[in-house]
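Have a look at the structure below, then the notes.
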Amino acid sequence: MRVGFIGLGSQGAPMARRIVQAGHETTLWARRSASLAPFADTAAKTAGSPLELAAGSDVVCLCVVDDADVDQLTTGPDGVLAGMREGGVLVVHSTVHPETCRRLAERARAHRVSVLDAPVSGGGRAAEQGTLLVMAGGDPEVFAFCRPLFAAYGDPVVHLGPIGSGQVAKLLNNVVFTAQLGLAADALELGARLGLDTGGLGRVLPRGSAASFALERVVDAGGTLDRVAAHAGGLLAKDVRLFADLVGAAGGTAPDEERRPCRVQETARSALDAMGL
Numbered sequence: 261m262r263v264g265f266i267g268l269g270s271q272g273a274p275m276a277r278r279i280v281q282a283g284h285e286t287t288l289w290a291r292r293s294a295s296l297a298p299f300a301d302t303a304a305k306t307a308g309s310p311l312e313l314a315a316g317s318d319v320v321c322l323c324v325v326d327d328a329d330v331d332q333l334t335t336g337p338d339g340v341l342a343g344m345r346e347g348g349v350l351v352v353h354s355t356v357h358p359e360t361c362r363r364l365a366e367r368a369r370a371h372r373v374s375v376l377d378a379p380v381s382g383g384g385r386a387a388e389q390g391t392l393l394v395m396a397g398g399d400p401e402v403f404a405f406c407r408p409l410f411a412a413y414g415d416p417v418v419h420l421g422p423i424g425s426g427q428v429a430k431l432l433n434n435v436v437f438t439a440q441l442g443l444a445a446d447a448l449e450l451g452a453r454l455g456l457d458t459g460g461l462g463r464v465l466p467r468g469s470a471a472s473f474a475l476e477r478v479v480d481a482g483g484t485l486d487r488v489a490a491h492a493g494g495l496l497a498k499d500v501r502l503f504a505d506l507v508g509a510a511g512g513t514a515p516d517e518e519r520r521p522c523r524v525q526e527t528a529r530s531a532l533d534a535m536g537l
């Protein structure tokens, strides 16, 4: 499989390296040459533009920051869609609005190109180990074609439904994580106010039924959300906003008596407020 990869950040770079190591003919493109330097000792090739990368690829993977990046890289005379051949597959590993992927799939259809949305979770370390969670949406046959590629860096790899489904799952994941961050910080603060040794509480809660990945992150950060806010606050805030838009659109078609507050969204919003975001 000829694979093009764009988005060589802390998560995308190890994903791309595992694609190369799996034996796929791999082409890379990046805005900054420094992002390509770590691949100088690999079999990966580099392209001069997204269009050039796409022209030599059966599958193009995007692992960029947001919706604007996805739109910019895929559209226009030098974009990915302009270069992809009929029958190609465009994979969006970024976390973006589901509607962004649906619109992209509509545009791609005119080029006879398929689109999968396949956001990932686990971070750079999981990518290095090949244990990223891959949440995919799109045509099942296209997913089956791409599954061996996803297996190079993902385990488990899960198909969730039509285009956009992977993004819905990823946004749910990130909103629950954000809410849990806020709950964990509140619990540790409350324990201190009640006279508990915070270091001891930080050893107890992660070993009990309260255990969670979010709790571990807050404990590791000294019991506050400051470090999380500095490293991931902007991305978490983006995803909570996307989720709020998603819920708002869904709720807008329901009768008033059937609407219910989205408690996880409210808790996540409180956590962002505590981070100053």
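Numbered per the working numbering, the sequence shown spans residues 261 to 537. For glycine and all other residues, C-beta sits at the position ideal for the given N, C-alpha and C. Computed from a prediction, not measured in an experiment: that's the story for all the values here.
As a quick exercise: from the options, pick the residue whose alpha carbon is nearest that of residue i.
i	options	result
HIS353	GLY343, CYS406, ASP480 and LYS305	CYS406
MET535	PHE403, LEU456 and THR484	THR484
GLU312	VAL324, ARG292, ALA297 and LEU341	LEU341
HIS371	VAL349, ALA387 and THR355	VAL349
THR403	ASP533, GLY382 and ALA378	The question names Thr, but residue 403 in the sequence shown is Phe. PHE403 has its Cα closest to that of ALA378, out of ASP533, GLY382 and ALA378.
ASP318	TRP289, MET344 and SER530	MET344
ALA276	GLY384, VAL435, ALA474 and ALA481	GLY384
PHE437	ARG477, GLY269 and HIS491	ARG477
GLY482	ARG463, ASP331 and GLY468	ARG463
ARG367	THR335, THR391 and CYS321	THR335
ALA474	PRO422, ALA509 and ALA528	ALA528
ASP533	ALA510, VAL488, GLY508 and VAL507	VAL488
MET395	ALA386, ASN433 and VAL373	ASN433
PRO466	GLY339, ARG292 and VAL479	VAL479
ALA386	VAL373, LEU454 and GLY272	GLY272
Compute the distance between the beta-carbons of residue i and residue j, then report whether it is under 8 Å.
i	j	result
GLN427	GLY397	yes
LEU333	PRO310	yes
LEU364	VAL380	no
GLY316	THR287	yes
ALA304	VAL280	yes
GLY382	CYS323	no
ALA497	LEU443	no
THR458	LEU450	no
PRO274	GLU388	yes
ARG501	ALA412	no
From residue i to residue j, what does the alpha carbon distance come to, in whole angstroms?
i	j	result
HIS284	VAL263	7 Å
CYS522	VAL417	28 Å
GLY267	GLY347	23 Å
ARG369	ARG362	11 Å
ALA531	ASP446	9 Å
ASP326	THR355	7 Å
GLU526	MET261	44 Å
THR513	LEU461	Note that THR513 scores 47 on pLDDT, short of 50, meaning its location in the model is unreliable; the coordinates nonetheless yield the value given after this. Using only the alpha carbons, I get a separation of about 45 Å.
PRO400	LEU431	21 Å
VAL435	VAL524	7 Å
ASP415	LEU495	23 Å
SER295	SER472	33 Å
THR306	CYS321	14 Å
ALA452	SER425	41 Å
LEU393	ALA492	18 Å
GLU517	PHE503	Here the model assigns GLU517 a pLDDT of 48, short of 50, so the residue's position is not dependable, and the following value carries that caveat. Straight-line Cα distance between these residues: approximately 22 Å.
ALA282	GLY390	11 Å
HIS419	ALA429	10 Å
ALA290	THR360	22 Å
SER293	GLY468	47 Å
VAL330	ALA490	24 Å
ILE423	ASP486	36 Å
THR302	GLY421	35 Å
ALA314	VAL373	11 Å
GLY508	GLY455	41 Å
Since residue i is in the alpha helix (DSSP H), which residue starts that stretch and which ends it?
i	result
LEU424	For the record, residue 424 in the displayed sequence is Gly; it is not Leu. GLY424 -> no alpha helix (DSSP H), and no H or E assigned at all.
GLU312	310 to 315
PHE265	From DSSP, PHE265 is part of no alpha helix (DSSP H) but of the beta strand (DSSP E) over 262 to 266.
GLU401	400 to 410
LEU532	523 to 534
THR286	It is not in any alpha helix (DSSP H) - THR286 instead sits in the beta strand (DSSP E) that spans 285 to 289.
GLY339	Per DSSP, GLY339 belongs to no alpha helix (DSSP H) and is neither H nor E.
ALA273	272 to 281
LEU333	327 to 334
LEU454	Per DSSP, LEU454 belongs to no alpha helix (DSSP H) and is neither H nor E.
ARG385	383 to 389
ALA294	293 to 296
Just to confirm the assignment, what range does the beta strand (DSSP E) spanning residue i have?
i	result
VAL320	319 to 322
MET555	No answer is possible for residue 555: the residues shown for the chain start at 261 and end at 537.
For residue i and chain B, any beta-carbon pair shorter than 8 Å?
i	result
LEU506	This model lacks chain B altogether; it includes just one protein chain.
Practice task
Within the segment 457 to 518, note down every full alpha helix (DSSP H) run reaching 4 residues or more, in order along the chain.
Solution key: 458 to 464, 473 to 480 and 486 to 511
Problem - Uninterrupted beta strand (DSSP E) stretches inside the segment 349 to 376 (no shorter than 3 residues) - result: 349 to 352
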